[in-house]
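*Asks:*
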Amino acid sequence: MTQPSSSPARALRASRPASPLTGRIAVPGDKSISHRALMFAALAKGETRIVGLLEGEDVLRTAAAMRALGARITQEEGGRWHVHGCGLGALQEPADVLDMGNSGTAARLLSGLLASHGILSVMTGDASLRRRPMKRVMDPLAGTGATFLAREGGRLPLAIQGNAHPAPLSYRLPVASAQVKSAVLLAGLNAEGVTQVEEPVPTRDHTENMLRHFGAHVTVEETPEGGRVIRLEGKPRLIARDVTVPGDPSSAAFVLVAALLVPGSDVVVSNVGLNLLRTGLFTTLREMGGRLDILDERTEGGEPVGDLHVRASSLQAVDVPADRAPSMIDEYPVLAVAAAHATGISRLRGLAELRVKESDRLAATVALLENNGVRTRIDGDDLIIHGTAGHVPGGGLVETHMDHRLAMSASVLGLVAEKPVDIDDTAFIDTSFPGYFALMNSLGAGFPA
Numbered sequence: 007m008t009q010p011s012s013s014p015a016r017a018l019r020a021s022r023p024a025s026p027l028t029g030r031i032a033v034p035g036d037k038s039i040s041h042r043a044l045m046f047a048a049l050a051k052g053e054t055r056i057v058g059l060l061e062g063e064d065v066l067r068t069a070a071a072m073r074a075l076g077a078r079i080t081q082e083e084g085g086r087w088h089v090h091g092c093g094l095g096a097l098q099e100p101a102d103v104l105d106m107g108n109s110g111t112a113a114r115l116l117s118g119l120l121a122s123h124g125i126l127s128v129m130t131g132d133a134s135l136r137r138r139p140m141k142r143v144m145d146p147l148a149g150t151g152a153t154f155l156a157r158e159g160g161r162l163p164l165a166i167q168g169n170a171h172p173a174p175l176s177y178r179l180p181v182a183s184a185q186v187k188s189a190v191l192l193a194g195l196n197a198e199g200v201t202q203v204e205e206p207v208p209t210r211d212h213t214e215n216m217l218r219h220f221g222a223h224v225t226v227e228e229t230p231e232g233g234r235v236i237r238l239e240g241k242p243r244l245i246a247r248d249v250t251v252p253g254d255p256s257s258a259a260f261v262l263v264a265a266l267l268v269p270g271s272d273v274v275v276s277n278v279g280l281n282l283l284r285t286g287l288f289t290t291l292r293e294m295g296g297r298l299d300i301l302d303e304r305t306e307g308g309e310p311v312g313d314l315h316v317r318a319s320s321l322q323a324v325d326v327p328a329d330r331a332p333s334m335i336d337e338y339p340v341l342a343v344a345a346a347h348a349t350g351i352s353r354l355r356g357l358a359e360l361r362v363k364e365s366d367r368l369a370a371t372v373a374l375l376e377n378n379g380v381r382t383r384i385d386g387d388d389l390i391i392h393g394t395a396g397h398v399p400g401g402g403l404v405e406t407h408m409d410h411r412l413a414m415s416a417s418v419l420g421l422v423a424e425k426p427v428d429i430d431d432t433a434f435i436d437t438s439f440p441g442y443f444a445l446m447n448s449l450g451a452g453f454p455a
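The sequence shown maps to residues 7 to 455 in our numbering.
#1: Can you name the start and end residues of the beta strand (DSSP E) that ASN277 belongs to?
#2: Does the distance from the CB of PHE434 to the CB of HIS410 come in under 8 Å?
#3: Taking all protein chains shown into account, decide if VAL343 is buried (16 or more other Cβ within 10 angstroms of its Cβ) or exposed.
#4: What are the partner residues of PRO139, as DSSP defines its beta bridges?
#5: Expressed to the nearest angstrom, what Euclidean distance is found between the alpha-carbon atoms of ILE39 and ARG142?
#6: Residue range of the alpha helix (DSSP H) that MET216 falls in?
#7: Considering only their Cβ atoms, is the gap separating ALA197 from PRO172 smaller than 8 Å?
#8: Can you tell me which residues form a DSSP beta bridge with LYS425?
#9: Between THR213, ASP329, GLY386, VAL380, which has its C-alpha nearest ILE351's C-alpha?
#10: Would you mind reading off the limits of the beta strand (DSSP E) that contains ALA189?
#11: For the alpha helix (DSSP H) containing LEU291, name the first residue and the last one.
#12: Do ASN215 and PRO252 count as a contact pair if the criterion is CB distance below 8 Å?
#13: Could you work out which residue in SER127, GLY93, ALA416, GLY110 is closest to LEU18 when comparing CA atoms only?
#14: Count the other C-beta atoms from every protein chain shown that fall within 10 angstroms of the C-beta of HIS212, then say buried if there are 16 or more, exposed otherwise.
#15: With GLU99 and ILE125 assumed to form a contact (beta carbons below 8 Å), what rounded beta-carbon distance in angstroms separates them?
#16: Given that a residue counts as buried once 16 or more other Cβ atoms are within 10 Å of its Cβ, and exposed if not, what is SER271?
#17: What distance in whole Å lies between the Cβ atoms of GLY356 and ASP336, which are believed to be in contact at a cut-off of 8 Å?
#18: Run the CB neighbour count on THR225, radius 10 Å, all protein chains shown included, and call it buried at 16 or more, exposed below.
#19: DSSP three-state call for GLY352: helix, strand or coil?
#20: State the start and end residues of the unbroken alpha helix (DSSP H) segment that holds GLY118.
#21: Would you report the Cα separation of PRO180 and GLY295, rounded to the nearest angstrom?
#22: If you drop the 5 nearest sequence neighbours on each side, which residues of the same chain put their C-beta closer than 6 Å to that of CYS92?
#23: Counting C-beta neighbours from all protein chains within 10 Å, is the total for GLU309 16 or more, i.e. buried, or is it exposed?
#24: Would you identify the three-state DSSP class for ASP313, choosing helix, strand or coil?
#25: Run through the DSSP bridge pairs and tell me what LYS3 is partnered with.
#26: In this structure, what does DSSP give as the bridge partners for GLU205?
#27: In the structure shown, what three-state DSSP assignment does VAL224 receive?
#28: Rank HIS392, PHE443, PRO255 by C-alpha distance to the C-alpha of LYS37 and give the top, closest one.
#29: So, are the CB atoms of LEU135 and ALA113 less than 8 Å apart?
#30: If I'm right that LEU298 touches LEU291 with Cβ under 8 Å, what's the distance once you round it to whole angstroms?
#31: How do the region 434-446 and the region 256-269 stand: do at least 3 beta-carbon pairs fall below 8 Å, yes or no?
#32: With 16 as the cutoff for other CB atoms within 10 Å, does LEU287 come out buried or exposed?
#33: If you reduce the DSSP assignment to three classes, tell me which class THR4 lands in.
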């Protein structure tokens, strides 16, 4: 069985590759879907087989947590996983603290499950996760009757005394967040009655799709203001169903942007998830003039997938509307790298959610660019980037704050900067994209081994 591990810090110096990036690759499985597949399979009756699961540290933490809560989880050679669920309402009290590593998604979603089962549990995480706020899930989940005890500001470690007879929730998200929405819906699974969540703008809907896949009744209604109301009927009979996990569009983003920026590149990324609530980056790159084509569109496991063909392009500045943020919230650091390389001044709007990611990603993205000679400005929740028309100076140090997406974005910047870019820590890339550097080197990136 693959186990999560803690890796020591590893610095890296990224510099221009000697040749274009070329080839056909597949990226690891979608992290959001992988987390949910393990959680829902653990609640379902019967055996679920999962193919394509992301075997990064974040997802392995979720597997370990669900095993500690009573599910039987095994792994075959070749990447097929088997989950024997314990049934809704039957999670067992864990014998030890649940260590969620670096995964905010796992910690927040799992809070919903733990709040609605009559067990006592304690969650912690690594130094980065222990700095991240949990109050925005604790507040709505308290309505189930669960009690929470956390450090100041709602930070891990977090003790949860769940309620065996939770009340259904009706909650309007103050800020669009798929994680908070999902935590509330997961709490509603074990509650009598209908749980309702209203989101101001649509966020990724993997939770709703997978709940239906396992047999829950979920409805979605659009509001006149452009948001959505999601309703879940509690106490469904969840039945084991096989899951095929598509390639993660957030992981594909780094390959795509690198191929757009490195002259002469021509790359195909196979089997990437194309859920419309996850493809904002693809739309934005096309608006910038990026040559990005979708081939062989199809549906697998209830999710649309396809192959992405991308070729080096001359990019122009872009003005990204705020309502696109939920469909590309994890991709803004690497989009900022593309904007830094583009011609003209770009404005990325409505980035408040970036302040509460693995790091303050907005401030850290600004530092990433400024330390490498790119002018930026923050205006409220907007990020303004002065493109260099293909002449990013580079030569700076990027502090990643234990944030895997910042580390990968910095590595892409190093592939096109005029001077090498130093990255203080790349160990945490394995949390979401194991084998990232080897995969990029197979295309010709030339990262040091």
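Heads up, the beta-carbon is just placed ideally off N, CA and C, and yes, glycines get one too.
*Replies:* Judging by the given coordinates:
#1: As a working note, residue 277 is residue 271 in the sequence shown. Unbroken beta strand (DSSP E) run through ASN277: 272-279.
#2: As a first step, residue 434 is located in the sequence shown; it is residue number 428 there, counting from the start. As a first step, residue 410 is located in the sequence shown; it is residue number 404 there, counting from the start. Cβ distance < 8 Å, so PHE434 and HIS410 count as in contact.
#3: Along the sequence shown, one-based indexing puts residue 343 at 337. Flag for VAL343 reads buried.
#4: The residue labelled residue 139 in the question sits at position 133 within the sequence shown. BP columns for PRO139 point to ARG161.
#5: By one-based count along the sequence shown, residue 39 stands at place 33. By one-based count along the sequence shown, residue 142 stands at place 136. If I take the Cα positions, the gap works out to 22 Å.
#6: Counting from 1 along the sequence shown, the entry for residue 216 is found at position 210. Taken as a continuous stretch (DSSP letters only), the alpha helix (DSSP H) holding MET216 covers 212-219.
#7: Here residue 172 corresponds to residue number 166 of the sequence shown, with the count starting at 1. Here residue 197 corresponds to residue number 191 of the sequence shown, with the count starting at 1. A contact, by the Cβ cut-off of 8 Å.
#8: As a working mapping, residue 425 is identified with position 419 in the sequence shown. Looking at the DSSP assignment, LYS425 forms a beta bridge with GLY400.
#9: Locating residue 351 in the sequence shown gives position 345, where the first residue counts as 1. Of THR213, ASP329, GLY386, VAL380, the residue nearest in Cα terms is VAL380.
#10: Residue mapping note: residue 189 aligns to position 183 of the sequence shown, counting from 1. Segment 184-195 is the alpha helix (DSSP H) holding ALA189; no beta strand (DSSP E) there.
#11: Reading the sequence shown from its first residue, position 285 is the one you call residue 291. Per DSSP, LEU291 belongs to the alpha helix (DSSP H) from 286-293.
#12: For the purposes of this step, residue 252 is taken as the residue at position 246 of the sequence shown. For the purposes of this step, residue 215 is taken as the residue at position 209 of the sequence shown. No.
#13: Sequence index remark: in the sequence shown, residue 18 carries index 12 (1-based). Minimum Cα distance to LEU18 is reached at ALA416.
#14: Taking the first residue of the sequence shown as 1, we reach residue 212 at position 206. Label assigned to HIS212: buried.
#15: Within the sequence shown, residue 99 is the residue found at index 93, counting from 1. Within the sequence shown, residue 125 is the residue found at index 119, counting from 1. At roughly 4 Å, the Cβ-Cβ gap stays under 8 Å, so GLU99 and ILE125 are in contact.
#16: Indexing the sequence shown from 1 puts residue 271 at position 265. Buried, because 16 or more other Cβ atoms sit within 10 Å of the Cβ of SER271.
#17: Translated into the one-based positions of the sequence shown, residue 336 becomes position 330. Translated into the one-based positions of the sequence shown, residue 356 becomes position 350. No, ASP336 and GLY356 are not in contact; Cβ-Cβ is about 15 Å, not under 8 Å.
#18: For this step, residue 225 is matched to residue 219 along the sequence shown. THR225 comes out exposed.
#19: Here residue 352 refers to the residue found at position 346 of the sequence shown. Going by the sequence as given, residue 352 is Ser instead of Gly. Strand, per DSSP.
#20: Indexing the sequence shown from 1 puts residue 118 at position 112. 110-121 is the span of the alpha helix (DSSP H), which, as asked, contains GLY118.
#21: Residue numbering aside, residue 180 sits at position 174 when the sequence shown is read from its first letter. Residue numbering aside, residue 295 sits at position 289 when the sequence shown is read from its first letter. Going by the C-alpha atoms only, they are around 34 Å apart.
#22: For the purposes of this step, residue 92 is taken as the residue at position 86 of the sequence shown. GLY76, ALA77, listed in sequence order.
#23: The residue given as residue 309 occupies position 303 in the sequence shown. With 16 or more Cβ atoms within 10 Å of its Cβ, GLU309 is classed as buried.
#24: Against the sequence shown, residue 313 aligns to sequence position 307. In the structure shown, ASP313 sits in a strand (DSSP, three-state: E or B).
#25: Given that the chain is displayed from residue 7 to residue 455, the structure contains no residue 3 and the question cannot be resolved.
#26: On the sequence shown, residue 205 is found 199 positions in, with the first residue counted as 1. ARG234.
#27: Within the sequence shown, numbered from 1, the residue matching residue 224 stands at position 218. Strand at VAL224.
#28: For the purposes of this step, residue 37 is taken as the residue at position 31 of the sequence shown. If we check each option's Cα against that of LYS37, PRO255 comes out closest.
#29: Reading the sequence shown from its first residue, position 129 is the one you call residue 135. Reading the sequence shown from its first residue, position 107 is the one you call residue 113. Cβ distance < 8 Å, so LEU135 and ALA113 count as in contact.
#30: Taking the first residue of the sequence shown as position 1, residue 298 is located at position 292. Taking the first residue of the sequence shown as position 1, residue 291 is located at position 285. Indeed they touch by this definition, with Cβ atoms about 6 Å apart.
#31: yes
#32: Against the sequence shown, residue 287 aligns to sequence position 281. The residue in question, LEU287, is buried, as its Cβ has 16 or more Cβ neighbours within 10 Å.
#33: Not covered by the structure: residue 4. The range shown for the chain is 7 to 455.
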